[in-house]
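Student: Reading the sequence shown from the start, the letters are residues 1 to 195 in the numbering used here.
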Amino acid sequence: MKVGVLALQGAFREHIVSLEALGVTALAVRLPEQLDGCDGLVIPGGESTAIGKLMETYGFYEAVARRHEEGMAIWGTCAGAILLARSVLDALPGQRTLGLMDIAVRRNAYGRQSESFEVGLDVSGLSGGPYTGVFIRAPWIESVGEGVEALARHAGRIVAAREGDLMATTFHPELTGDPRIHRLFVEQVVGSPRA
Ligand code: GLN
């Protein structure tokens with residue numbers, strides 16, 4: 001089993017380290033062809049507009065959608081969650097996303113006063129107590145479609161969700177050293193039909 005981490009911009013190295021700590025083969029994905037060998041893909045945090053532009057330049061939009069169709073599970077963290085979303089509130093004009101997950105996210109939702117913060121979250125499906133959510137100019141998930149399960153909330157807003165083999169977290173699990181959410185995703189990848 002191999003998990004790719006989209007390595008165009010943002011916190012991809014930390015995801016690779018977190019996945020390798022679980023004994024998973026993790027691959028820094030810089031070209032769409034590399035997705036062919038991946039059973040799962042992490043789209044990291046960073047800046048969604050920058051990652052999105054690079055995805056366009058390299059032809060990732062079509063390749064990611066095709067591989068998802070073929071059974072590749074995808075997890076987006078923060079900017080990655082924005083890139084997965086069907087719609088984005090407070091997007092940059094013309095900002096493109098994959099639109100694979102039936103969620104609407106609000107970019108930079110927490111405003112200037114609390115652009116970055118840490119908070120303990122109860123994440124459904126995780127045992128062992130609260131998970132420390134590291135939020136960095138994070139979006140929140142403003143609304144979800146019928147097939148989407150909310151996994152965690154903070155101050156009444158959804159901050160983690162799952163829809164089939166797609167997962168979105170608006171915080172940064174790769175910065176905590178707590179392996180539980182990476183493990184949740186790896187279990188999803190193992191369980192996905194074609195992995
Ligand atoms: N604010 C960023 C964006 O719009 C996301 C921040 C992050 O990924 N930490 O892409």
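Each residue gets a CB set at the ideal place from its N, CA and C atoms; glycine is no exception.
Excluding the 5 residues preceding and the 5 following Y110 in the sequence, name in chain order all residues of the same chain whose CB lies nearer than 8 Å to its CB.
Tutor: For the purposes of this step, residue 110 is identified with residue 110 of the sequence shown, where counting begins at 1. Answer for Y110: F117, F135, R137, A138 and W140, listed in chain order.
Student: Can you tell me the Cα-Cα spacing of V99 and G147, whole angstroms?
Tutor: Position 99 of the sequence shown holds residue 99. Position 147 of the sequence shown holds residue 147. As written in the sequence, residue 99 is Gly, which differs from the Val given in the question. Rounded to whole angstroms, G99 to G147 spans 15 Å at the Cα level.
Student: Classify R180 as helix, strand or coil using the three-state DSSP reduction.
Tutor: To locate residue 180, count along the sequence shown from 1; it is residue 180. Three-state result, R180: helix.
Student: Whole-angstrom Cβ separation of A161 and A168, contact assumed at under 8 Å?
Tutor: On the sequence shown, position 161 is the one that residue 161 refers to. On the sequence shown, position 168 is the one that residue 168 refers to. Right, the Cβ-Cβ distance comes to about 5 Å (below 8 Å), so this counts as a contact.
Student: Please classify E142: does DSSP put it in a helix, a strand, or coil?
Tutor: Your numbering for residue 142 matches position 142 in the sequence shown. It is a strand residue.
Student: Taking the C-alpha atoms as reference points, what is the distance between R30 and E47?
Tutor: Walking along the sequence shown from the start, residue 30 turns up at place 30. Walking along the sequence shown from the start, residue 47 turns up at place 47. Computed Cα separation, rounded: 16 Å.
Student: Buried or exposed, going by whether 16 or more other CB atoms sit within 10 Å of the CB of G177?
Tutor: As a position in the sequence shown, residue 177 is number 177, starting the count at 1. When all chains shown are included, G177 counts as exposed.
Student: Please report the straight-line C-alpha distance between M55 and I16, rounded to a whole angstrom.
Tutor: Walking along the sequence shown from the start, residue 55 turns up at place 55. Walking along the sequence shown from the start, residue 16 turns up at place 16. Cα to Cα, M55 sits roughly 19 Å from I16.
Student: For the alpha helix (DSSP H) containing E56, name the first residue and the last one.
Tutor: In the sequence shown, the residue the question calls residue 56 occupies position 56. That run of the alpha helix (DSSP H) goes S48 to Y58.
Student: Could you give the distance in angstroms between the alpha-carbon of A195 and the alpha-carbon of G40?
Tutor: Counted from its first residue, the sequence shown places residue 195 at position 195. Counted from its first residue, the sequence shown places residue 40 at position 40. Reliability fails at A195, whose pLDDT of 45 lies under 50, so the model's placement of it is uncertain and no value is given.
Student: Just checking P139 against the ligand GLN - is the residue's beta carbon closer than 8 Å to any of the ligand's heavy atoms?
Tutor: Taking the first residue of the sequence shown as position 1, residue 139 is located at position 139. At least one heavy atom of the ligand GLN is nearer than 8 Å to the Cβ of P139, so yes.
Student: If you compare alpha carbons, which of I158, D90, Y58 and I74 is closest to D122?
Tutor: Walking along the sequence shown from the start, residue 122 turns up at place 122. D122 has its Cα closest to that of I158, out of I158, D90, Y58 and I74.
Student: Straight-line CA distance for R112 to R106?
Tutor: As a working note, residue 112 is residue 112 in the sequence shown. As a working note, residue 106 is residue 106 in the sequence shown. Answer to the nearest angstrom: the Cα atoms are 14 Å apart.
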